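Quick note: the sequence shown uses the numbering used here, first residue 6, plus one each step. The block underneath contains the structure these notes are about, expressed in structure tokens.
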Amino acid sequence: MNLPLTTFLPSSLLCWLMLAGLGDGMSVAAQVTATLEIDKSRMLPRETFIARVKIVNFSGQTLVFGEDNYWLQFEIETENGEVLTPVKEPPNVEGRFTVESSIRATKHVDLAPYYALDRAGNFKLTAKVHVKQWKQTLPIAPVKFTIFNGSVLWHRTFGVPVKEGEPAGQPKQRRYVLQQAKNLRMMTLYARVDDGLGGKVYKVFPICPMVTFNEPTAQVDPTGNLHVLCQSGARTYNYTVLDPDGKTKVRRHYQIVGSRPRLDFKDSKIVVVGGLKLLRPDDIPTRKKEKEQPKLILPKKATQPIPVIREPVPAPNRPR
Numbered sequence: 006m007n008l009p010l011t012t013f014l015p016s017s018l019l020c021w022l023m024l025a026g027l028g029d030g031m032s033v034a035a036q037v038t039a040t041l042e043i044d045k046s047r048m049l050p051r052e053t054f055i056a057r058v059k060i061v062n063f064s065g066q067t068l069v070f071g072e073d074n075y076w077l078q079f080e081i082e083t084e085n086g087e088v089l090t091p092v093k094e095p096p097n098v099e100g101r102f103t104v105e106s107s108i109r110a111t112k113h114v115d116l117a118p119y120y121a122l123d124r125a126g127n128f129k130l131t132a133k134v135h136v137k138q139w140k141q142t143l144p145i146a147p148v149k150f151t152i153f154n155g156s157v158l159w160h161r162t163f164g165v166p167v168k169e170g171e172p173a174g175q176p177k178q179r180r181y182v183l184q185q186a187k188n189l190r191m192m193t194l195y196a197r198v199d200d201g202l203g204g205k206v207y208k209v210f211p212i213c214p215m216v217t218f219n220e221p222t223a224q225v226d227p228t229g230n231l232h233v234l235c236q237s238g239a240r241t242y243n244y245t246v247l248d249p250d251g252k253t254k255v256r257r258h259y260q261i262v263g264s265r266p267r268l269d270f271k272d273s274k275i276v277v278v279g280g281l282k283l284l285r286p287d288d289i290p291t292r293k294k295e296k297e298q299p300k301l302i303l304p305k306k307a308t309q310p311i312p313v314i315r316e317p318v319p320a321p322n323r324p325r
């Protein structure tokens, strides 16, 4: 009769084996750590949801990650413990990279396309990192986040122009939606690009901070681009242009000088008139050229030769 192996093992030996296994797990956790972070803890439904997993290696070995699509796994739960089923295949995290000892690496993943975060509520995000070389899973503390609804300020359904090379057919319909929501004690303007109510959501993301006493203005041009002008401060405006895929094509900033900026038509194009255009590092497209050195901008009068100023010499005493 074959008896289980544990029948022949003394209890002291079993305890030693259990402690040894626990020690291995604790040593892995001490040598390699992983932390989970998100950009912000409050988001609109279907907003861009970037998760960052930071891996710090102090094991003395070079670790390899990303050889398959299972080394990093995510899971989202509701506050009632219900696990959300992904709407498509698990996030694509494949892509081989190495982490040498005493080095930190960060993996960024946008989870918005993979989970239908449509309803408001509180959620918990967990992640697992598998070290294939050691056949161990690193413990990671979960993070909590909240989905909340914003107020719709403006929406417009439009036909997507046919791109070059595409066959002509029934035009595709999409919709731009502008929403306002209070995030981190600050009112923020959001843009949403979708196929209409209940349709596919392409992108939801914040445009800029906004004041509550002046609503933004928006217009769609013949190419399907959305032009938005929003007052972002007491005397500043944000001008943003989005394409039908939700990509930011233009971002500029204006200041109230003489008159307020406003959207207008000029030469069959939507432009901003009034105010003073500012130069900022977050402009799109950027105005900074590669390897360009900063230049000192002086008034025209300052370019004239500066006269040499000498200390005054006291006049000799006149004879009385």
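For every residue, glycine included, the Cβ atom is placed at its ideal position computed from N, Cα and C. Model, not experiment: these values are computed from the prediction.
Going by beta carbon distance, what residues of the same chain come within less than 6 Å of residue i, once the five residues before and after it are set aside?
{"i": "Ala56", "result": "Ile43, Val114, Leu116"}
{"i": "Glu52", "result": "Val209"}
{"i": "Thr217", "result": "Met192"}
{"i": "Thr131", "result": "Glu80, Pro147"}
{"i": "Lys112", "result": "Val58"}
Using the rule of at least 16 other Cβ atoms within 10 Å of the residue's Cβ for burial, across every protein chain shown, is residue i buried or exposed?
{"i": "Lys212", "result": "The residue asked about is misnamed: residue 212 is Ile in this sequence, not Lys. With 16 or more other Cβ atoms within 10 Å, it is buried."}
{"i": "Tyr181", "result": "buried"}
{"i": "Thr245", "result": "buried"}
{"i": "Val88", "result": "exposed"}
{"i": "Thr193", "result": "buried"}
{"i": "Gln178", "result": "exposed"}
{"i": "Ile108", "result": "exposed"}
{"i": "Ser64", "result": "buried"}
{"i": "Gly201", "result": "exposed"}
{"i": "Asn230", "result": "buried"}
{"i": "Val278", "result": "exposed"}
{"i": "Gly126", "result": "exposed"}
{"i": "Asn62", "result": "buried"}
{"i": "Pro266", "result": "buried"}
{"i": "Lys300", "result": "A caution first: Lys300 carries a pLDDT of 46, below 50, which makes its placement in the model unreliable, though a value can still be read off. Under this definition Lys300 is an exposed residue."}
{"i": "Lys45", "result": "exposed"}
{"i": "Ala196", "result": "buried"}
Please list, in chain order, all residues of the same chain as residue i whose beta carbon is under 8 Å from its beta carbon, the five residues on each side excluded.
{"i": "Asp288", "result": "Arg256, Arg257, His258"}
{"i": "Thr241", "result": "His258, Tyr259, Gln260, Ile261, Leu283"}
{"i": "His160", "result": "Arg180, Tyr181, Val182, Leu183"}
{"i": "Gln175", "result": "none"}
{"i": "Ala173", "result": "Val167"}
{"i": "Ser156", "result": "Gln184, Gln185, Ala186"}
{"i": "Thr253", "result": "Thr245, Val246, Leu247, Ile289"}
{"i": "Gln66", "result": "Ser106, Gln138"}
{"i": "Asn74", "result": "Pro95, Asn97, Val98, Glu99"}
Closest to residue i by CA distance: which of the options is it?
{"i": "Val104", "options": "Leu68, Leu122, Cys235, Glu72", "result": "Leu68"}
{"i": "Val225", "options": "Met192, Val262, Phe270, Lys208", "result": "Phe270"}
{"i": "Phe153", "options": "Gln175, Lys187, Ala146", "result": "Lys187"}
{"i": "Asp250", "options": "Val165, Thr83, Gln138", "result": "Val165"}
{"i": "Glu99", "options": "Thr53, Val134, Thr241, Lys45", "result": "Val134"}
{"i": "Gln346", "options": "Phe70, Val262, Ser237", "result": "Nothing can be reported for residue 346, as the shown portion of the chain is limited to 6 through 325."}
{"i": "Leu94", "options": "Phe79, Ser106, Thr83, Glu84", "result": "Correcting the residue identity first, residue 94 is Glu in this sequence and not Leu. With distances taken between Cα atoms, Glu94 lies closest to Phe79."}
{"i": "Phe150", "options": "Leu247, Phe54, Pro286", "result": "Phe54"}
{"i": "Thr40", "options": "Lys274, Ala173, Ala146, Arg51", "result": "Ala146"}
{"i": "Met191", "options": "Thr111, Ala125, Gln36, Arg47", "result": "Arg47"}
{"i": "Pro227", "options": "Val167, Asn62, Val278", "result": "Val167"}
{"i": "Trp76", "options": "Glu84, Glu52, Arg101", "result": "Arg101"}
{"i": "Asp248", "options": "Asp272, Thr291, Val198", "result": "Val198"}
{"i": "Ala110", "options": "Lys205, Asp272, Ile60", "result": "Ile60"}
{"i": "Leu158", "options": "Gly204, Thr222, Gln36, Lys137", "result": "Thr222"}
{"i": "Leu36", "options": "Arg124, Leu49, Asp73, Pro144", "result": "Here residue 36 turns out to be Gln, not Leu, going by the sequence shown. Nearest option by C-alpha distance: Pro144."}
{"i": "Leu122", "options": "Asp73, Leu49, Gly86", "result": "Leu49"}
{"i": "Gly280", "options": "Pro286, Gly263, Ser273, Asp272", "result": "Gly263"}
{"i": "Arg285", "options": "Asn243, Ser273, Asp272", "result": "Asn243"}
{"i": "Thr83", "options": "Gln66, Lys112, Arg124", "result": "Arg124"}
{"i": "Phe128", "options": "Asp272, Phe163, Gly86, Asn74", "result": "Gly86"}
To which residues of the same chain is residue i closer than 7 Å at the C-beta, ignoring the five residues directly before and after it?
{"i": "Tyr120", "result": "Ile81, Leu89, Pro91, Val92"}
{"i": "Asn219", "result": "Gln236"}
{"i": "Pro96", "result": "Phe79, Val114, Leu116, Tyr119"}
{"i": "Ile275", "result": "Gln224, Asp226, His232, Leu268"}
{"i": "Pro2", "result": "Only positions 6 to 325 of the chain appear in this structure, which leaves residue 2 out of reach."}
{"i": "Met215", "result": "Gln185, Met192, Thr193, Leu194, Pro221, Cys235, Gln236, Ser237"}
{"i": "Gly170", "result": "none"}
Looking at the unbroken beta strand (DSSP E) that takes in residue i, where does it start and where does it end?
{"i": "Ile399", "result": "It is not possible to answer for residue 399, since the shown part of the chain is limited to 6 through 325."}
{"i": "Gln184", "result": "177-188"}
{"i": "Glu80", "result": "77-83"}
{"i": "Ile275", "result": "274-278"}
{"i": "Ile212", "result": "206-214"}
{"i": "Lys254", "result": "253-260"}
{"i": "Asn243", "result": "241-247"}
{"i": "Arg267", "result": "267-271"}
{"i": "Thr193", "result": "191-199"}
{"i": "Phe218", "result": "Phe218 -> no beta strand (DSSP E), and no H or E assigned at all."}
{"i": "Thr103", "result": "102-104"}
{"i": "Leu281", "result": "281-283"}
{"i": "Val233", "result": "231-236"}
Can we count residue i as close to the ligand PLP, meaning its CB is less than 7 Å from some heavy atom?
{"i": "Val88", "result": "This structure lacks the ligand PLP; in fact it carries no ligand of any kind."}
* **Every unbroken alpha helix (DSSP H) within the segment 109-173, with a cutoff of 4 residues, ordered by chain** => none
* **Inside the segment 36-75 only - beta strand (DSSP E) runs reaching at least 3 residues** => 37-43, 55-62, 68-70
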